[in-house]
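Worksheet: the structure to be examined is printed underneath.
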Amino acid sequence: DQQVKQNSPSLSVQEGRISILNCDYTNSMFDYFLWYKKYPAEGPTFLISISSIKDKNEDGRFTVFLNKSAKHLSLHIVPSQPGDSAVYFCAATSLNKFYFGSGTKLNVKP
Amino acid sequence: ETGVTQSPTHLIKTRGQQVTLRCSSQSGHNTVSWYQQALGQGPQFIFQYYREEENGRGNFPPRFSGLQFPNYSSELNVNALELDDSALYLCASSLTSGGWTDTQYFGPGTRLTVL
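Dropping the structure here:
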């Protein structure tokens, strides 16, 4: 039962351009959404989060947008840098449970 | 580096055996969560412990059990191993009063292979 879905397994972007990673969810009871970044051989690292009562949260080059009517979440990275190349997971929480998407591998080309 | 460590790094077991995986949380973090990540998938939530009590569980059978100790370490135990249990097991700690909004810090994981 995939309650959080990332339909794009990979994304390739030129350095300096915008990277947009997307995430869809099915459970309207999710109260918090998060993005994690994962490098090979390391655990996921927290990147940015957003409460379900907000529609935007910004932290430096990273902005997360939440569209509750569409049950859609996106992460914008501007400008993209080669060091951003990693696997990005979106996640959501509800009722003491935590759900991750399957990840999108971002490749930022120099 | 998150300060969360896991042992062992890799482990090979045979079907039907039992396994114990260990995690050492960041000092002061009273919440630990365990996840199973199959190849090509996102982490799947197994359970969470807060102050040595289980306070959240995903869709995993009872043969997956855990313990949390006062010294910020924890264990994941899996009995009667099955081939599908082969995965990367991640633990994550957080400084929280039991809620879910605090940042989780992940360890590097233990790669379990069941033959």
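The listed protein sequences correspond, in order, to chains A and B.
If you're matching positions, the first sequence starts at -2 in our numbering and goes up one per residue.
If you're matching positions, the second sequence starts at 13 in our numbering and goes up one per residue.
We put the beta carbon where it would ideally sit given N, CA and C, even for glycine.
The structure presented is a predicted model; accordingly, all values stated were derived computationally and were not measured.
*Count the other CB atoms, across all protein chains shown, that sit within 10 Å of the CB of A:A83; report buried if there are 16 or more and exposed otherwise.*
buried
*Could you give the DSSP three-state label for A:D28: helix, strand or coil?*
coil
*Any Cβ of chain A within less than 8 Å of the Cβ of B:P74?*
It does not; no Cβ of chain A falls within 8 Å.
*Report the residue ranges of all beta strand (DSSP E) runs contained in full by the stretch 66 to 109 of chain B; include only those spanning at least 3 residues, in chain order.*
List check, beta strand (DSSP E) in window: 76 to 80, 85 to 90, 99 to 106.
*asked:* For B:R34 and B:N89, what's the separation of their Cα atoms in angstroms?
replied: 9 Å
_Here's a check: name, in chain order, each residue in its chain whose Cβ is nearer than 6 Å to the Cβ of A:V10, leaving out the five neighbours to either side._
S16, S77, V105
*Could you tell me whether any Cβ in chain A is nearer than 8 Å to the Cβ of B:L33?*
no
*What's the call for A:I50, buried or exposed, on a 16-neighbour Cβ count within 10 Å?*
When all chains shown are included, A:I50 counts as exposed.
_Residue of B:G119, B:T115, B:L127 minimising C-alpha distance to A:I45_ = Ranking B:G119, B:T115, B:L127 by CA distance to the CA of A:I45 puts B:T115 first.
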